[in-house]
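Residue 134 in our numbering sits at position 136 of the sequence shown; the count goes up by one each step and never skips.
Read through the structure below, which is laid out as structure tokens, and then see the notes.
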Amino acid sequence: MPKERLRPETLALHASYRRDETTRSIAVPIYQTVAYQFDDVAHAASLFSLEKFGNIYTRIMNPTSAVLEERITALEGGVGALAVSSGQAASAFSIQNLARSGDNIISSTDLYGGTWNLFANGLRDLGIEVRFVDPSTPENFRTASDDRTRAFYGETLANPKLYPFPIEAVSAIGDDLGIPLIMDNTAAPILCRPFDLGAHIIVYSLTKYIGGHGTSIGGLLVDSGRFDWGKHGSRFPTLNSPDANYHGTIFSEAVKPLGPIAYILRARVVLLRDFGSALAPMNSFLLLQGLETLPLRMSAICRNAQVIAEFLCKHRAVSRVVYPGLFEGSEGEHARAILSGGFGGLISFELKDGIEAGKSFIDSLRLVYHAANIGDARTLAIHPASTTQSQLSAEDRATSGVTDGYVRLSVGIEHSDDLLADIEQALDACCSGQ
Ligand code: PLP
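Next up, the structure:
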């Protein structure tokens, strides 16, 4: 590859792989293997002791997955990545790599529901407390933290508010206190580079925009290499004290000849090895196919979403539209500061006639799919009050920002005229009595 810094469109196709040296295959091969033959006993021993890097067993590493990991590392400007079996596994690992029972993290209240549940219940059951704070006041992260706080956590564009997380302000507080910021950038790949704004670790659900075709579940962690774990020794015992999980290795010391990869290396050789949430090589291949066209798709998605958001604002059945491309004043400035090249594919809107209008809108759609997913090349819609949030009381729904007439769209790459026609006829059907 040329040495000058390549742009995302080029990196998505070329970073970290040119051709297979044996067969000259241009497509990344699917290494559908469990194990790899060692040269001899000394070679095997050097791999197990981390003296050398190399393939041991596909639960821990795989050459197809390695291309996916290295390509996203290049796109994000990090030092290393770890592919795992789902976005949920990536979120869980991102915390478990730093926090143990008795520790806490500070998280934004604005989260994907699955992450919320993992944090509020799953991590609590492991003894890790998650303190939720409103991210619109970044100082909340400082106020809620103490000497057992191991990380700050946020989502770049969380539903339903879609207010871009204040990455710069919260990471600056983290730099002050010696606490890393973990950003889930699932909804804004390409549009936002969290490391440029100060974040330390990125989490992805690859299932969404990166895969982009609704075929494969996957997740990924990326390490910026920017956080000095050794400097904050007592706050990060998992990286700074002998790890019984890996025959007494002190990860921040062991990686000194290799570069600032203590976090991502431990996630691989301890968490992935022990908990086993490995990504199948076939899924890595499919996710790489998606990644190749991600920059193109993100542009088309953002263009379509802006057109649809503007159309929704003018429709009589709609009382409110939330889309970062429509934010004004300081909110608009903030969105423009965090995102570049567009404002994403998620639109939240409110139907005036509440729950019945929501159901009728969804049932009237002909082209747009009714599905619990985001980031597909196809446009998807969901009415949370009758589906994902239907088991919550009206009060709890309101707290999570989901009102009865609220609809979420994940805009795809179809022709915008066709999308507008479908959405218009469904809106007309749900307010035909007016
Ligand atoms: N993070 C965000 C922002 C998501 O939207 C999702 C899933 O919808 C996840 C994480 C979890 O990802 P997965 O479904 O790949 O486990």
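We treat Cβ as the ideally placed atom computed from N, Cα and C, and that holds for glycine.
Kindly indicate the opening and closing residues of the beta strand (DSSP E) around residue i.
{"i": "ILE299", "result": "It is not in any beta strand (DSSP E) - ILE299 instead sits in the alpha helix (DSSP H) that spans 292 to 312."}
{"i": "ALA64", "result": "Per DSSP, ALA64 belongs to no beta strand (DSSP E); it is in the alpha helix (DSSP H), 61 to 74."}
{"i": "GLU348", "result": "344 to 349"}
{"i": "TYR404", "result": "404 to 408"}
{"i": "PHE437", "result": "This structure does not reach residue 437, given that the chain is present from -1 up to 432, and the question cannot be answered."}
{"i": "SER83", "result": "Here SER83 belongs to no beta strand (DSSP E), and DSSP marks it neither H nor E."}
{"i": "ALA40", "result": "Run containing ALA40: none in the beta strand (DSSP E); it sits in the alpha helix (DSSP H), 39 to 46."}
{"i": "ALA379", "result": "378 to 380"}
{"i": "LEU218", "result": "217 to 221"}
{"i": "ILE180", "result": "179 to 182"}
{"i": "ILE24", "result": "From DSSP, ILE24 is part of no beta strand (DSSP E); its letter is neither H nor E."}
{"i": "TYR202", "result": "199 to 203"}
Does DSSP put residue i in a helix, in a strand, or in coil?
{"i": "HIS332", "result": "helix"}
{"i": "PHE117", "result": "helix"}
{"i": "HIS368", "result": "strand"}
{"i": "GLU127", "result": "strand"}
{"i": "PRO240", "result": "coil"}
{"i": "PRO133", "result": "coil"}
{"i": "ASN433", "result": "The question about residue 433 has no answer, for the chain in this structure spans -1 to 432."}
{"i": "GLY327", "result": "helix"}
{"i": "ARG16", "result": "coil"}
{"i": "SER317", "result": "strand"}
{"i": "VAL267", "result": "helix"}
{"i": "PRO187", "result": "coil"}
{"i": "ALA392", "result": "helix"}
{"i": "ILE93", "result": "helix"}
{"i": "ALA433", "result": "Absent from the model: residue 433. The displayed extent of the chain is -1 to 432, so no value can be given."}
{"i": "PRO162", "result": "strand"}
Within the continuous alpha helix (DSSP H) that includes residue i, where are the two ends?
{"i": "ASP420", "result": "414 to 428"}
{"i": "LEU11", "result": "6 to 12"}
{"i": "ILE171", "result": "165 to 175"}
{"i": "PHE359", "result": "352 to 362"}
{"i": "LEU263", "result": "260 to 264"}
{"i": "SER250", "result": "249 to 252"}
If you drop the 5 nearest sequence neighbours on each side, which residues of the same chain put their C-beta closer than 8 Å to that of residue i?
{"i": "VAL267", "result": "LEU48, ILE58 and TYR244"}
{"i": "ALA392", "result": "ASP402"}
{"i": "ASN371", "result": "THR205, LYS206, GLY212, LEU378 and SER408"}
{"i": "ARG301", "result": "GLY340 and SER414"}
{"i": "ALA438", "result": "Examination of residue 438 is not possible in this model, given that the chain is present from -1 through 432 alone."}
{"i": "SER23", "result": "ARG17"}
Report all residues from its chain with a CB closer than 6 Å to the CB of residue i; omit the five preceding and five following residues, and keep chain order.
{"i": "THR56", "result": "VAL32"}
{"i": "TYR321", "result": "ALA307 and ILE345"}
{"i": "SER63", "result": "ALA81, LEU277 and SER282"}
{"i": "ALA13", "result": "ARG69 and ALA72"}
{"i": "GLY298", "result": "Here residue 298 is Ala; the residue named in the question, Gly, does not match the sequence. For ALA298, where only same-chain residues beyond five positions count, the Cβ hits under 6 Å are ILE411."}
{"i": "GLY210", "result": "GLY288, ARG295 and ALA375"}
{"i": "GLY352", "result": "ASP402 and GLY403"}
If I measure Cβ to Cβ from residue i and keep anything under 7 Å in the same chain, skipping five residues before and after, which residues do I get?
{"i": "LEU433", "result": "As displayed, the chain neither begins before -1 nor continues past 432, which places residue 433 out of reach and without an answer."}
{"i": "ILE177", "result": "SER143, THR147, ALA149 and PHE150"}
{"i": "ASN238", "result": "TRP227, GLY228, GLY231, ILE248 and SER250"}
{"i": "GLN287", "result": "none"}
{"i": "PHE139", "result": "ILE104, VAL131, PHE150, VAL168 and ILE171"}
{"i": "ALA265", "result": "LEU80, PHE91, ASN95 and LEU219"}
{"i": "ALA252", "result": "LEU48"}
{"i": "GLY112", "result": "GLN86"}
Inter-stretch contact at 8 Å, needing at least 3 Cβ pairs: the region 216 to 223 / the region 231 to 242:
no
Are the region 108 to 120 and the region 47 to 65 touching, with three or more C-beta to C-beta distances below 8 Å?
no
Do the region 186 to 202 and the region 348 to 360 touch if we need at least three Cβ pairs shorter than 8 Å?
no
Would you be able to state if there are at least three C-beta pairs under 8 Å between the region 161 to 172 and the region 197 to 216?
yes
Are three or more beta carbon pairs between the region 122 to 132 and the region 291 to 310 nearer than 8 Å?
no
Using 8 Å as the cut-off, can you tell me whether the region 113 to 124 makes contact with the region 67 to 75, which would need three or more C-beta pairs spanning the two stretches below that distance?
no
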